[in-house]
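J.: Numbering (this note's numbering), first residue to last: 596 to 663. Idealized CB from N, CA, C, for every residue including glycine. Here you go, one structure.
Here it is in structure tokens:
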């Protein structure tokens, strides 16, 4: 929904997440410009392997969008 994920990228991501990785992917129009790399039109996607973060994400029901 927030990034274009190719089939090969999806297979890699499925193996590695949740975990300590950030995947730089082409952003969709749903990503606010504030958090998008303006030159590349990419967005960093993370799925942390941390209980508190997972609980927060689950209770929100939406991703957390921020700058780095």
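From the DSSP output, read off the bridge partner residues of residue 650.
T.: For residue 650, which the question treats as bridged, DSSP gives no partner whatsoever.
J.: Rounded to the nearest angstrom, what separates residue 658 and residue 625 at their Cα positions?
T.: Cα to Cα, residue 658 sits roughly 12 Å from residue 625.
J.: Taking a contact to mean a Cβ-Cβ separation below 8 Å, would you say residue 641 touches residue 616 in this structure?
T.: Their beta carbons are under 8 Å apart, which means residue 641 touches residue 616 by this criterion.
J.: Using the C-alpha atoms, what's the distance from residue 639 back to residue 661?
T.: About 10 Å.
J.: Is residue 597 closer than 8 Å to residue 623 when the C-beta atoms are compared?
T.: Cβ distance < 8 Å, so residue 623 and residue 597 count as in contact.
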